[in-house]
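Chains as they are written, first to last, in our numbering: chain A, 223 to 699; chain B, 223 to 699.
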Ligand SMILES: [Zn+2]
Ligand SMILES: [Zn+2]
């Protein structure tokens, strides 16, 4: 137990220092290891396996809507990146440049993709001719690079993994519909699999993607009351199509520009899982996304029959991602490891349990202990996992709602941002000057103009002029 | 039919120009599109879906042996690449260099990974302390970059997709065992899923991987008689461990160097599928790897009930990757498309078939037409796919064996290489001078020293000195 205690003590309590708590969990759960490459992280098996599960479910949801996967080059010639003015202005300051290939300097430098709109546009201009070629619904899973000054595991790193979908449509309506459809898929995925409730909304012009006509976002609230942008979906209109000359002949044989979208979700989402569900003992993974859902831990495993009984439990859990810790560590040490790694359920079985024909299921989130007879353990395990998944979502929703405030006056607004971590709902006139002032005064930014609008007052919380819309504001990662 | 004919005519016949046939198939089957980035290709949905199936099966086979997936940075600092002498000499001439990040020049340049041994070694030196930490069995799926002067779709491109496994073991025996185990997995995968028989063997010192103690390979024979190295597995001994100081304390509390392996298989394997199985009508995919296994094509689909009958066939093929071509193209056009894309089976159904309560299954490889009653179509489809898969493997094996020759004298050897495309088995003294002479005289290279040795003669085919081993020689991609 001394050793077990040491493992746990290594995690800084959340209340003491949330930021250190976060990096402790990331390290101790062996999700990430820092590399010798500045700003780049190594995704270790425990971390990568979460991403594999995210990929598996999202990929299936994408394909159900007709999306197909492709792979585009990781390099973008400088001239290609420059074709869309807003886009290059947004990304050029933060890209990595390849200037030498083999033993020779390159005639034109190549950037390592920060995102692939320009490559997809170049591709689409070659393969789209007729309305029969539309829509194109392509996606890729890859890594992208953005040269960041300060980095944090999962939240901000020079290289990160993501998927980027890029679609081309015949009409503006089709593009807008696809933009919203993919945002809905992200929100549904996060709620169902990650137990994270999302606020869906539209970004202000200031916060939208470089080159987009409009950007939609899903925003989550972390345990410390800060917001995390968790996925975005952009409608490009025909701006990129005009810059890259992507035209098709319609049914009346007239040339038309396509309308495009893109949408992305990255390993950042793993940061959200950690900061929404984690506690002072480590990670807490929602059962539906956990690489290992159940860890069977034998107690007094040197006693006759214990290991066999534990193995039998494991074998009986068909369809469950289950592992058995039969190492020579102490049970206390094994408990700590299972807790740090966030494995949703632990099943303990020892000589006394065997005598009574039972085992003990322990929930990671509530630590509730449930004694179960051995012949009903498979059904009970599934039931407890389902309950845990649902309760984790409800707990996160309750936390989010309890940390969502409204403000009518600017004094109220500043006071709330300063003293009550969370979202602040407040009205806005639509002017960037107010967004800038709010950011300067409070460090909070506009998170989104939510789909579910409310009329909190008639005037902008900042300038007092007539309000155009309600905005979710907050400090953000 | 005029249009259908046009589609087919676009493929250059194999006998006329194998190389043009290959690129025609790649383009017409829509596997790849050239990009604006020199030497980089776009993997289109039809091509990427094959890779997804390769990934799915191989990844499962890896994990069954205890392998875990990780993700390492795509950049390698120059100083890290230089730590192992042979390795940097092998790769430095063909890497891409990043010299600028954001708006500033980098203090140390970074290469885009051509392979990740150095990164894994750096990682292992941080996380391996004790014999309890061994073995480490890590793999990653990613893209790598090698600056190539001449490129060909799938076979050689500046960027390509692959998996690279990197393992660390306590003993030399464990490392050697893992090296062979992974080679066996590659060979088994290629035979079972891709219907491609492999020659397994060891590379000569000249042909081995930069920094390896020994390299093992699987070699396939393409339809034109050229060899294709299809996957490699390397035993590094403790060379990298010494260069990167990867040590562990053993059970006797003594410091020991680890022994390492690496093994990789890339999108190059798609080139092998094309060149082993394809014909003058296009691609021919083995059913087990085909993204779409069956295309249902309605005949006279405007006639009452035809589309419904076709849809019913599709719905009845549970567990089969099946699509229905209900577009307004002619049946001939649809046939051509299905053939070019290499979809293993076509099921035709028209008014006459419906009257007779039957449909027609057409095999892509043999074009055999099989009339089947509608109530047995699901079972028959599975049966025909299995037969086709087996016969494709046997046909490829027969072709390989019929194009594998022996040579005892150098005249015989040169004559065979010049006039009979295929493998040539011949004895070798073990000296690199003979390998170099053979390459200069014939352009053939040593493919491998096969696990299944034969004693063809007692003297080296080139210099006449005593022979040490038999070698498979051949011209290669
Ligand atoms: Zn205002
Ligand atoms: Zn010789």
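We put the beta carbon where it would ideally sit given N, CA and C, even for glycine.
Check	Outcome
Burial state of residue 690 of chain A, where buried means 16 or more other Cβ atoms lie within 10 Å	exposed
Closer than 8 Å to chain A by CB, residue 266 of chain B	yes
Beta-carbon neighbours of residue 291 of chain A, restricted to chain B and to distances below 8 Å	267, 270, 271 and 274
CB-CB length for residue 723 of chain A against residue 519 of chain A, believed under 8 Å	Not covered by the structure: residue 723 of chain A. The range shown for chain A is 223 to 699.
Residue 268 of chain B in three-state terms, based on DSSP	helix
CA-to-CA distance, residue 255 of chain B to residue 369 of chain A, given in whole angstroms	29 Å
Exposed unless 16 or more other CB atoms sit within 10 angstroms - verdict on residue 224 of chain B	With a pLDDT of 45 at residue 224 of chain B, under the threshold of 50, the modelled position of this residue cannot be trusted, and the question is left open.
DSSP state of residue 400 of chain A mapped onto helix, strand, coil	helix
C-beta neighbour in chain A for residue 537 of chain B, strict 8 Å	no
C-alpha gap between residue 427 of chain A and residue 436 of chain A, whole angstroms	7 Å
Collapsed DSSP secondary structure at residue 522 of chain A in the structure displayed	coil
Extent of the continuous alpha helix (DSSP H) run through residue 553 of chain B	553-563
Closer than 8 Å to chain B by CB, residue 318 of chain A	yes
For residue 567 of chain B and residue 607 of chain B, believed in contact at Cβ under 8 Å, the rounded distance	6 Å
Neighbour flag for residue 258 of chain A against chain B, beta carbons, 8 Å	yes
Limits of the unbroken beta strand (DSSP E) element including residue 491 of chain A	Here residue 491 of chain A belongs to no beta strand (DSSP E); instead the alpha helix (DSSP H) covers 490-499.
Extent of the continuous beta strand (DSSP E) run through residue 694 of chain A	691-696
Partners in chain A for residue 348 of chain B, counting only beta-carbon separations shorter than 7 Å	255
Short Cβ contact (8 Å threshold) for residue 600 of chain A with residue 538 of chain A	yes
Residue-level contact to chain B via CB, residue 315 of chain A, 8 Å cutoff	yes
For residue 503 of chain B and residue 226 of chain B, the rounded distance between their alpha carbons	Reliability fails at residue 226 of chain B, whose pLDDT of 49 lies under 50, so the model's placement of it is uncertain and no value is given.
Any beta strand (DSSP E) of 3 or more consecutive residues that is wholly inside the stretch 306-353 of chain B	318-323 and 326-334
Three-state secondary structure assigned by DSSP to residue 582 of chain A	strand
Cβ of residue 195 of chain A within 8 Å of any chain B Cβ	Beyond the ends of chain A as shown, which are 223 and 699, falls residue 195 of chain A; an answer cannot be given.
Unbroken stretches of the alpha helix (DSSP H), 4 residues or longer, contained in the stretch 376-455 of chain B	394-416
Other residues of its chain near residue 450 of chain B: CB distance less than 6 Å, five sequence neighbours each side excluded	442, 444, 494 and 699
As assigned by DSSP and simplified to three states, the class of residue 249 of chain A	helix
Pair within 8 Å by beta-carbon distance, residue 297 of chain A and residue 248 of chain B	no
Simplified DSSP state of residue 275 of chain A, which is helix, strand or coil	helix
Among A:582, A:433, A:323 and A:381, the one whose alpha carbon lies nearest that of residue 318 of chain B	A:323
Under the three-state DSSP convention, the category residue 294 of chain A falls into	coil
Cβ neighbours of residue 431 of chain B in the same chain (closer than 6 Å, five flanking residues each side left out)	437 and 456
Residue 650 of chain B CB to nearest heavy atom of ligand 2 below 7 Å	yes
Distance between beta carbons of residue 385 of chain B and residue 348 of chain B, contact taken as under 8 Å	Contact flag wrong, Cβ pair sits at about 23 Å.
Member of A:631, A:647 and A:364 whose CA lies at the smallest distance from the CA of residue 671 of chain A	A:647
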